[in-house]
Amino acid sequence: MAMEFTTSPGRTILVREGDITRVPVDAIANAANAALAGGGGVDGAIHRAGGPEIMRELDEIRRRIGGCPTGGAVATGAGRLPAQHVFHAVGPVYRDGRHGEPEQLASCYRRCLALADERQVRTISFPAISTGVYGYPLREATEIAVREVIAHLANPASGIQKAIFVPFGQQAYDVYVEICRANLPASR
Ligand code: ADP
Numbered sequence: 035m036a037m038e039f040t041t042s043p044g045r046t047i048l049v050r051e052g053d054i055t056r057v058p059v060d061a062i063a064n065a066a067n068a069a070l071a072g073g074g075g076v077d078g079a080i081h082r083a084g085g086p087e088i089m090r091e092l093d094e095i096r097r098r099i100g101g102c103p104t105g106g107a108v109a110t111g112a113g114r115l116p117a118q119h120v121f122h123a124v125g126p127v128y129r130d131g132r133h134g135e136p137e138q139l140a141s142c143y144r145r146c147l148a149l150a151d152e153r154q155v156r157t158i159s160f161p162a163i164s165t166g167v168y169g170y171p172l173r174e175a176t177e178i179a180v181r182e183v184i185a186h187l188a189n190p191a192s193g194i195q196k197a198i199f200v201p202f203g204q205q206a207y208d209v210y211v212e213i214c215r216a217n218l219p220a221s222r
């Protein structure tokens with residue numbers, strides 16, 4: 035299942051259901067935790083598929099800067115994943131949406147997009163950050179993700195040509211497509 039949308043000439047958002055570790059891109063965003071310590075969910079899948087090299091790099095970053103604040107992201111290589119970079123973004127734990135969660139989640143996407151442009155990334159994939167164990171309501175999180183990516187791709191200085199949302203499961207896919215449809219023309 036996949037659906038493509040045009041954001042501006044030559045730039046697209048693809049919504050593609052499935053396992054993010056199987057989608058070839060320049061950079062994969064990961065839903066990490068503040069300790070950068072590895073976890074379950076998409077983070078576990080990324081470390082399993084990428085191999086131990088990614089955690090070795092995170093150990094080094096932890097030694098240097100401790101961890102990563104909520105709303106931030108740090109970059110490593112991608113080990114055996116079909117990518118060059120992984121951006122480990124720390125999404126907020128959802129309480130009620132009135133404790134800064136929307137801004138923190140938006141910040142995750144912006145940090146990943148900034149890291150991407152610093153590295154001349156042309157294609158980047160995103161899981162639904164914070165919507166698993168961290169409990170962020172999927173629809174609200176997706177509105178933020180789609181809004182931030184569209185805003186970034188509207189900047190002509192960005193080198194990103196394609197952003198790929200990789201929701202896990204049909205229900206999540208339907209939500210992403212609906213929200214992209216509401217904000218963008220479909221390109222095919
Ligand atoms: P968080 O702690 O940020 O909530 P999770 O990993 O628990 O992170 O969940 C984030 C989202 O990632 C969830 O919507 C979950 O369904 C999805 N997910 C889990 N595994 C994968 C995968 N292999 N590829 C893409 N998305 C995944």
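Position 188, counted from 1, in the sequence shown is what my numbering calls 222; the numbers after and before it change by one each time, with no gaps. Here a beta-carbon is modelled for each residue, glycine too, at the ideal position from N, C-alpha and C. Treat the numbers as computed from the prediction; the structure is a model and nothing was measured.
The alpha carbon of G75 has as its nearest neighbour, out of I158, R50, S164 and L92, the alpha carbon of S164.
The DSSP assignment places 172 to 187 as complete runs of the alpha helix (DSSP H) inside the region 147 to 207, in order along the chain (cut-off: 4 residues).
Your pair V211 and M37 checks out as a contact, with CB atoms roughly 5 Å apart and the cut at 8 Å. When secondary structure is reduced to three states using DSSP, E51 falls in the coil class, being assigned neither helix nor strand. Comparing alpha carbon positions, the residue from V209, I213, Q204 and F199 closest to A65 is F199.
Taking 8 Å as the cut-off, one finds at least one heavy atom of ligand 1 near enough to the beta carbon of D53.
Here D130 is exposed: its Cβ has fewer than 16 other Cβ atoms, across all protein chains shown, within 10 Å. Separation of Y168 and G44 (C-alpha to C-alpha, rounded to the nearest whole angstrom) is 34 Å. A contact between stretches requires three or more CB pairs, one per stretch, nearer than 8 Å, and the region 203 to 220 meets this requirement with the region 38 to 57. Residue burial annotation: G193 is exposed, with fewer than 16 other C-beta atoms found within 10 angstroms of its C-beta.
When DSSP states are grouped into helix, strand and coil, H122 belongs to the strand group.
Taken atom to atom, the span from the alpha-carbon of V124 to that of A220 is near 30 Å. Secondary structure at M89: helix, using DSSP grouped into helix, strand and coil. In this structure, the straight-line span from the alpha carbon of P161 to that of A175 is close to 11 Å. Within its own chain, the residues whose Cβ lies closer than 7 Å to the Cβ of I95, once the five positions on either side in sequence are excluded, are L70 and V108, listed in chain order. Look at L48: its beta carbon is at least 8 Å from all of the heavy atoms in ligand 1. If you look at A65, you'll find it isn't in any alpha helix (DSSP H); it sits in the beta strand (DSSP E) that goes A61 to A66. N67 has its Cβ nearer than 8 Å to a heavy atom of ligand 1.
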